[in-house]
Ligand code: AMP
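Structure below.
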């Protein structure tokens, strides 16, 4: 499958959850800059250590570091879902260039719309597998064995930035730097909106895949 799609939305809007589901269902690569950064950090690379202070405070990591991280990924993948990238106008323009250089184009951008009070509840109860990125939630989807990933047996943790203080900063960064991308992609006729509230039922999974593939 050669679809090239961006998932756009605030922290806690469900980008990661839907990206894990849709990438497995459609055989697309799932590229999450947050996951890539956390991996760099757990391996204590220079890039990871430099990014850490921004991430812990809930601020965006400088574009230059992010672009270095992302550019090399495109050499080895076909179709993809981008989760958490781009997050600034500068990153969106750099992405257009990276794709144009490879004679590729984006198919669509899915905007996951969620009211802010639900974002806060989701984030504070969120857990994630450090190895495969599988998402969990203490209210709606606990791992069967505490702290262990159902899918890969990896370590399930609470992210250091999933607390109220960092979250307020992340929401502010989203509003200021990332929300303008909605207009950017609307102008390119690529933007579709998905109201991401409620449980992930089979019916909603089918509806979501339809939206991603350009159906109904
Ligand atoms: P996420 O897992 O997408 O919520 O990202 C976690 C943190 O990593 C963010 O709060 C930022 O500090 C950093 N980050 C991830 N992706 C980007 C990006 N595209 N641009 C800048 N910072 C990013």
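In the numbering used here, the protein residues as written are 354 to 569.
Note that beta-carbon positions come from the ideal geometry of N, C-alpha and C, so glycine has one too.
Every value quoted in this text rests on a predicted model; they were computed, and no experiment measured them.
| query | Measuring CB to CB, does residue 522 end up less than 7 angstroms from residue 480? | reply | Numbered from 1 along the chain shown, position 169 holds the residue referred to as residue 522. Numbered from 1 along the chain shown, position 127 holds the residue referred to as residue 480. The answer is no: Cβ separation not under 7 angstroms.
| request: Would you kindly check if the distance between the Cβ of residue 530 and the Cβ of residue 413 is under 7 angstroms? | output: Taking the first residue of the chain shown as 1, we reach residue 413 at position 60. Taking the first residue of the chain shown as 1, we reach residue 530 at position 177. Closer than 7 angstroms, so yes.
| Span of the beta strand (DSSP E) holding residue 544? | Along the chain shown, read from residue 1 onward, the residue named residue 544 stands at position 191. Run containing residue 544: 544 to 548, per the beta strand (DSSP E) assignment.
| task | Could you please give me the residues that DSSP links to residue 462 through a beta bridge? | result | Taking the chain shown and counting its residues from 1, one reaches residue 462 at position 109. DSSP lists 359, 544 as partners of residue 462.
| Close beta carbons around residue 533, own chain, < 8 angstroms, minus the five adjacent residues each side | Counting from one through the chain shown, the residue named residue 533 turns up at place 180. Only residues of its own chain outside the window of five on either side were considered, and among them 442 have a CB closer than 8 angstroms to the CB of residue 533, listed in chain order.
| Helix or strand or just coil, what does DSSP make of residue 367? | Numbered from 1 along the chain shown, position 14 holds the residue referred to as residue 367. Looking at residue 367 - three-state DSSP - the assignment turns out to be coil, as it is neither helix nor strand.
| message | If you follow the beta strand (DSSP E) that residue 436 is in, where does it begin and where does it stop? | response | Position 83 of the chain shown holds residue 436. Element bounds for residue 436: 433 to 436.
| query | With respect to the beta strand (DSSP E) encompassing residue 489, which residues constitute its N-terminal and C-terminal limits? | reply | Within the chain shown, the letter at position 136 stands for residue 489. Membership of residue 489 in the beta strand (DSSP E) is indicated by the continuous run 488 to 490.
| task | Compute the distance between the beta-carbons of residue 436 and residue 385, then report whether it is under 7 angstroms. | result | Residue mapping note: residue 436 aligns to position 83 of the chain shown, counting from 1. Residue mapping note: residue 385 aligns to position 32 of the chain shown, counting from 1. Yes; because the gap between Cβ atoms is below 7 angstroms, this pair is in contact.
| query | In the DSSP assignment, what are the bridge partners of residue 482? | reply | Here residue 482 refers to the residue found at position 129 of the chain shown. 509.
| field | residue 509 beta carbon less than 7 angstroms from that of residue 482 | value | Indexing the chain shown from 1 puts residue 482 at position 129. Indexing the chain shown from 1 puts residue 509 at position 156. In this structure, the beta-carbon distance from residue 482 to residue 509 falls below 7 angstroms.
| message | Short of 7 angstroms in beta carbon distance, which residues of its chain neighbour residue 564, apart from the five on each side in sequence? Order them along the chain. | response | On the chain shown, position 211 is the one that residue 564 refers to. Same-chain partners within the cutoff: 463, 545, 547.
| said: ligand 1 and residue 463: does the residue's C-beta get closer than 6 angstroms to at least one heavy atom of that ligand? | reply: For the purposes of this step, residue 463 is taken as the residue at position 110 of the chain shown. For residue 463, the shortest separation between its Cβ and any heavy atom of ligand 1 does not lie below 6 angstroms.
| message | Suppose the cutoff is 8 angstroms on Cβ atoms and the five residues either side in sequence are ignored; what does the same chain contact list for residue 490 look like? | response | As a position in the chain shown, residue 490 is number 137, starting the count at 1. Contacts found: 475, 478, 479, 480.
| query | Using the beta-carbon count (16 or more within 10 Å), is residue 388 buried or exposed? | reply | In the chain shown, counting from the first residue as 1, residue 388 sits at position 35. Result: buried.
| query | Rounded to a whole number of angstroms, what is the C-alpha to C-alpha distance between residue 566 and residue 375? | reply | Taking the first residue of the chain shown as 1, we reach residue 566 at position 213. Taking the first residue of the chain shown as 1, we reach residue 375 at position 22. Using only the alpha carbons, I get a separation of about 10 angstroms.
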